[in-house]
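Engineer: Here you go, one structure.
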Amino acid sequence: MPSILVIGHGAREHVIAETLARSESRPDLYAFMKSNNPGIASHCVETRLGDYGDLEDVVGYARGKGVDFAFVGPEYPLERGVVDALADAGIPAVGPMKSLARLETSKIFTRRLLDKYGIQGNPAFRVFTSLDGVEEFIRELPRGAVIKPDGLTGGKGVMVQGDHFDSAAEALAVCRAILERHSSVLVEERLEGEEFSLQCFCDGVTVAATPAVQDHKRRFVGDRGPNTGGMGSYSFPDHGLPFLRPDDLTQALEITKKVADALYRETGLRYKGIMYGGFIAVADGIRLLEYNARLGDPEAMNVLPLLKTDFVDLCRAVIDGALADMDVEFERKATVCKYVVPKGYGLPADHPDASSLGAKIHVGEVGDVKIYYSSVDLREDGLYMTSSRALGVVGIDEDIAAAERKAEKAIEAIGGPVDHRPDIGTEDLIRKRVEHMKKERGSNL
Ligand code: GLY
Numbered sequence: 001m002p003s004i005l006v007i008g009h010g011a012r013e014h015v016i017a018e019t020l021a022r023s024e025s026r027p028d029l030y031a032f033m034k035s036n037n038p039g040i041a042s043h044c045v046e047t048r049l050g051d052y053g054d055l056e057d058v059v060g061y062a063r064g065k066g067v068d069f070a071f072v073g074p075e076y077p078l079e080r081g082v083v084d085a086l087a088d089a090g091i092p093a094v095g096p097m098k099s100l101a102r103l104e105t106s107k108i109f110t111r112r113l114l115d116k117y118g119i120q121g122n123p124a125f126r127v128f129t130s131l132d133g134v135e136e137f138i139r140e141l142p143r144g145a146v147i148k149p150d151g152l153t154g155g156k157g158v159m160v161q162g163d164h165f166d167s168a169a170e171a172l173a174v175c176r177a178i179l180e181r182h183s184s185v186l187v188e189e190r191l192e193g194e195e196f197s198l199q200c201f202c203d204g205v206t207v208a209a210t211p212a213v214q215d216h217k218r219r220f221v222g223d224r225g226p227n228t229g230g231m232g233s234y235s236f237p238d239h240g241l242p243f244l245r246p247d248d249l250t251q252a253l254e255i256t257k258k259v260a261d262a263l264y265r266e267t268g269l270r271y272k273g274i275m276y277g278g279f280i281a282v283a284d285g286i287r288l289l290e291y292n293a294r295l296g297d298p299e300a301m302n303v304l305p306l307l308k309t310d311f312v313d314l315c316r317a318v319i320d321g322a323l324a325d326m327d328v329e330f331e332r333k334a335t336v337c338k339y340v341v342p343k344g345y346g347l348p349a350d351h352p353d354a355s356s357l358g359a360k361i362h363v364g365e366v367g368d369v370k371i372y373y374s375s376v377d378l379r380e381d382g383l384y385m386t387s388s389r390a391l392g393v394v395g396i397d398e399d400i401a402a403a404e405r406k407a408e409k410a411i412e413a414i415g416g417p418v419d420h421r422p423d424i425g426t427e428d429l430i431r432k433r434v435e436h437m438k439k440e441r442g443s444n445l
């Protein structure tokens, strides 16, 4: 019976633990978490609370439990080098080593990697170490600029012209503020189109795709309000998305394969873990927005419940470089994930709904859905939210309308000062996505 350590404490790690637990090998699961997630704990023989930056503690725990391998959920431990530290102790991991995790932790590294190895997909971009030339470059960009710091920002550090700032003078102020904290700033062209996530398993040589997903970052219905960690996501039974051409996904996978190869040529190390490409379909094809070195949250909740291949075997294939010998298969079903959040999530601290942060919630009869715990605190007298996303509710069915209805019905049974996005996965929203792409690409998608 294998024993496996899951690192992380959110809904993503809850679904990772659940998917490992349904392996035929009946693994003993352990979790190293920053806070106590009751969903993860329910699949584990034991859990430990700790700080992901304390590599000695993580490795000591893994060694003490004699785990066969670790699965690293979030990006922060990857950035800290947890996979390198585990490797030094002879424990393999699903997750890239620190220098390979730069794929996510340094957006500038990734842009330059694609350029150096002649891989298509970069938008027009420039890296600045001072404000010299920033204004001129921004004026050259027909649809405005996107400004990114070079480091982890929890999905909330990207500044978009038209959304977060307007004039070139404001853009300069944004760059100046970033350069006060970072040595360089990335300025890119603003792209118009529809975003999609393609999460792939990689063993350093072979790349295997999971179904494509569309996430929704904005807090409110109609993609309004502040950016969040993600309010929900959906996927289709054919594993594509209705606003994409089949060729878009072929290209996205091709880019990811070339990047895996480029990473090896650049570092001499094999990337073993998840390569999650955030892409955008535009008028003349697709562009890469960014890579993440981990599964998406919420997107992991769309794809892992559909996985037919034994997850422990798949993880071992990633670690052993044997992915080419494996059929990575997913059920042909639709999924709709909606995050239940405190009403005050993503809003200013003085907003009237701020009192919902930390409030108690009640999960009633939710029916045939999956519930994944995110930032919740299980106390003796019940379940409490924090200031972040609380529960991922996932409806799965033969078609998207049925999956969406299941998720909505389940959310009716969740009591407390909560909110969610009722538009995610609806026919109306998806039609708008298709119309948007038709407008960008002419009448043909
Ligand atoms: N869905 C956004 C992320 O996981 O970064």
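Numbered according to the working numbering, the sequence shown spans residues 1 to 445. Here a beta-carbon is modelled for each residue, glycine too, at the ideal position from N, C-alpha and C.
In chain order, which continuous runs of the alpha helix (DSSP H) of length 4 or greater are located wholly inside the region 296–325?
Structural biologist: Counting whole runs of 4 or more residues, the region 296–325 contains the alpha helix (DSSP H) stretches 300–303, 311–320.
Engineer: Compute the distance between the beta-carbons of L198 and A208, then report whether it is under 8 Å.
Structural biologist: Sequence index remark: in the sequence shown, residue 198 carries index 198 (1-based). Sequence index remark: in the sequence shown, residue 208 carries index 208 (1-based). Not a contact, by the Cβ cut-off of 8 Å.
Engineer: Pull up the distance between the alpha-carbon of I319 and that of A262, whole angstroms please.
Structural biologist: Start at 1 with the first residue of the sequence shown, and residue 319 comes out as number 319. Start at 1 with the first residue of the sequence shown, and residue 262 comes out as number 262. Rounded to the nearest angstrom, the two C-alpha atoms are 19 Å apart.
Engineer: Can you tell me where the beta strand (DSSP E) holding K272 begins and where it ends?
Structural biologist: For the purposes of this step, residue 272 is taken as residue 272 along the sequence shown, with counting starting at 1. Careful: K272 lies outside any beta strand (DSSP E) and carries neither H nor E.
Engineer: For my contact list, G73 and R294 are in at a C-beta cut-off of 8 Å; report their separation, rounded to the angstrom.
Structural biologist: By 1-based counting over the sequence shown, the position of residue 73 is 73. By 1-based counting over the sequence shown, the position of residue 294 is 294. Yes, G73 and R294 are in contact; Cβ-Cβ is about 6 Å, under 8 Å.
Engineer: Smallest Cα separation from Y345: which of P417, G367, I147, L288?
Structural biologist: Along the sequence shown, one-based indexing puts residue 345 at 345. When only C-alpha atoms are compared, the closest one is P417.
Engineer: According to DSSP, is M437 part of a helix, a strand, or is it coil?
Structural biologist: Within the sequence shown, the letter at position 437 stands for residue 437. In the structure shown, M437 sits in a helix (DSSP, three-state: H, G or I).
Engineer: I'd like to confirm the pairing. Which residues does DSSP put opposite N227 in its beta bridges?
Structural biologist: By one-based count along the sequence shown, residue 227 stands at place 227. According to DSSP, N227 bridges with R218.
Engineer: Cβ of N302 within 7 Å of any heavy atom in ligand 1?
Structural biologist: Numbered from its first residue, the sequence shown carries residue 302 at position 302. The answer is no for N302.
Engineer: Compare the Cα-Cα distances from A70 to each of H43, F128, I4 and report the closest residue.
Structural biologist: Looking up residue 70 in the sequence shown gives position 70. Of the candidates H43, F128, I4, the one whose C-alpha sits nearest the C-alpha of A70 is I4.
Engineer: Roughly how many angstroms separate the alpha carbons of G392 and G39, rounded to a whole number?
Structural biologist: Working through the sequence shown from its first residue, we reach residue 392 at position 392. Working through the sequence shown from its first residue, we reach residue 39 at position 39. Using only the alpha carbons, I get a separation of about 11 Å.
Engineer: In the DSSP output, which residue or residues are listed as bridge partners for M1?
Structural biologist: In the sequence shown, counting from the first residue as 1, residue 1 sits at position 1. According to DSSP, which records beta bridges pairwise, M1 is partnered with nothing at all.
Engineer: Alpha carbon to alpha carbon, how far is A413 from P298? Give it in angstroms, no decimals.
Structural biologist: Mapped onto the sequence shown, residue 298 falls at position 298. Mapped onto the sequence shown, residue 413 falls at position 413. For P298 and A413, the distance between alpha carbons rounds to 21 Å.
Engineer: Throw me the rounded Cβ distance for the R265 and G121 pair, which I believe falls under 8 Å.
Structural biologist: Looking up residue 265 in the sequence shown gives position 265. Looking up residue 121 in the sequence shown gives position 121. Contact doesn't hold; Cβ gap of about 17 Å is too wide.
Engineer: Using CA atoms only, rank isn't needed, just tell me which of T129, A324, D247 is closest to D284.
Structural biologist: The count along the sequence shown starts at 1 and reaches residue 284 at position 284. Of the candidates T129, A324, D247, the one whose C-alpha sits nearest the C-alpha of D284 is D247.
Engineer: Indicate, with yes or no, if ligand 1 has a heavy atom lying under 7 Å from the CB of P298.
Structural biologist: Translated into the one-based positions of the sequence shown, residue 298 becomes position 298. Within the cutoff, so yes.
Engineer: Using a threshold of 7 Å, is the CB atom of D353 nearer than that to any non-hydrogen atom of ligand 1?
Structural biologist: Residue 353 sits at position 353 when you count from the first residue of the sequence shown. For ligand 1, not one heavy atom lies less than 7 Å from the Cβ of D353.
Engineer: What are the residues that DSSP puts in a beta bridge with E46?
Structural biologist: Counting from 1 along the sequence shown, the entry for residue 46 is found at position 46. Paired residue(s): Y30.
Engineer: Is the distance from the Cβ of V369 to the Cβ of A410 below 8 Å?
Structural biologist: Residue numbering aside, residue 369 sits at position 369 when the sequence shown is read from its first letter. Residue numbering aside, residue 410 sits at position 410 when the sequence shown is read from its first letter. For V369 and A410, yes; Cβs fall inside 8 Å.
Engineer: Per DSSP, D397 forms a beta bridge with which residues?
Structural biologist: In the sequence shown, residue 397 corresponds to position 397, counting from 1. A334.
Engineer: At a threshold of 7 Å, does D215 count as lining ligand 1 (C-beta to nearest heavy atom)?
Structural biologist: The residue given as residue 215 occupies position 215 in the sequence shown. Yes, the beta carbon of D215 sits closer than 7 Å to at least one heavy atom of ligand 1.
Engineer: In angstroms with no decimal places, state the Cα-to-Cα distance between K438 and I430.
Structural biologist: As a first step, residue 438 must be located in the sequence shown, where it is residue number 438. As a first step, residue 430 must be located in the sequence shown, where it is residue number 430. Approximately 12 Å, taken between the alpha carbons.
Engineer: Among the candidates R433, V341, R224, whose CA atom is the shortest distance from the CA of D452?
Structural biologist: There is simply no residue 452 to check, as the chain begins at 1 and stops at 445 in what is shown.
Engineer: Are V259 and C337 close, meaning C-beta to C-beta below 8 Å?
Structural biologist: Taking the sequence shown and counting its residues from 1, the one referred to as residue 259 is at position 259. Taking the sequence shown and counting its residues from 1, the one referred to as residue 337 is at position 337. No; because the gap between Cβ atoms is not below 8 Å, this pair is not in contact.
Engineer: What is the DSSP secondary structure of P74, reduced to helix, strand or coil?
Structural biologist: Here residue 74 refers to the residue found at position 74 when the sequence shown is read from its first residue. Three-state result, P74: coil.
Engineer: Please state whether the Cβ-Cβ distance between E189 and R224 is less than 8 Å.
Structural biologist: Residue 189 sits at position 189 when you count from the first residue of the sequence shown. Residue 224 sits at position 224 when you count from the first residue of the sequence shown. No, the pair does not count as a contact, with Cβ atoms beyond the cut-off.
Engineer: Tell me whether Y372 sits in a helix, a strand or coil according to DSSP, three-state version.
Structural biologist: The count along the sequence shown starts at 1 and reaches residue 372 at position 372. Correct three-state label for Y372: strand.
Engineer: Residue range of the beta strand (DSSP E) that K479 falls in?
Structural biologist: Here the chain covers residues 1 to 445 and nothing more, so residue 479 does not appear.
Engineer: Once the 5 residues before and after I453 are set aside, which same chain residues still bring their CB inside 6 Å of it?
Structural biologist: What is shown of the chain runs 1 to 445, which leaves residue 453 out entirely.
Engineer: Select from D428, A403, E329 the residue whose C-alpha is nearest the C-alpha of C200.
Structural biologist: In the sequence shown, residue 200 corresponds to position 200, counting from 1. When each option's Cα is compared against that of C200, the closest is E329.
Engineer: Is the beta carbon of Y276 sitting closer than 8 Å to the one on C202?
Structural biologist: Locating residue 276 in the sequence shown gives position 276, where the first residue counts as 1. Locating residue 202 in the sequence shown gives position 202, where the first residue counts as 1. Taking 8 Å as the Cβ cut-off, Y276 and C202 do not qualify as a contacting pair.
Engineer: Taking H182 as part of the beta strand (DSSP E), name the residues at either end of that continuous run.
Structural biologist: Taking the sequence shown and counting its residues from 1, the one referred to as residue 182 is at position 182. H182 -> no beta strand (DSSP E), and no H or E assigned at all.
Engineer: How many Å lie between A124 and D68 at the Cα?
Structural biologist: For the purposes of this step, residue 124 is identified with residue 124 of the sequence shown, where counting begins at 1. For the purposes of this step, residue 68 is identified with residue 68 of the sequence shown, where counting begins at 1. Between A124 and D68, the C-alpha separation is close to 44 Å.
Engineer: Less than 6 Å between C-beta atoms, sequence neighbours within five positions excluded: which residues of the same chain meet that for Y117?
Structural biologist: One-based indexing of the sequence shown puts residue 117 at position 117. These residues qualify, in order along the chain: A262.
Engineer: What are the boundary residues of the beta strand (DSSP E) that K343 is part of?
Structural biologist: Here residue 343 refers to the residue found at position 343 of the sequence shown. Looking at the DSSP string, K343 is not in any beta strand (DSSP E), and its letter there is neither H nor E.
Engineer: Drop a sphere of 10 angstroms on the beta-carbon of P77, count the other beta-carbons inside from all chains shown, and report buried for 16 or more, exposed for fewer.
Structural biologist: Stepping through the sequence shown from its first residue, residue 77 is reached at position 77. Buried, since its Cβ has 16 or more Cβ neighbours within 10 Å.
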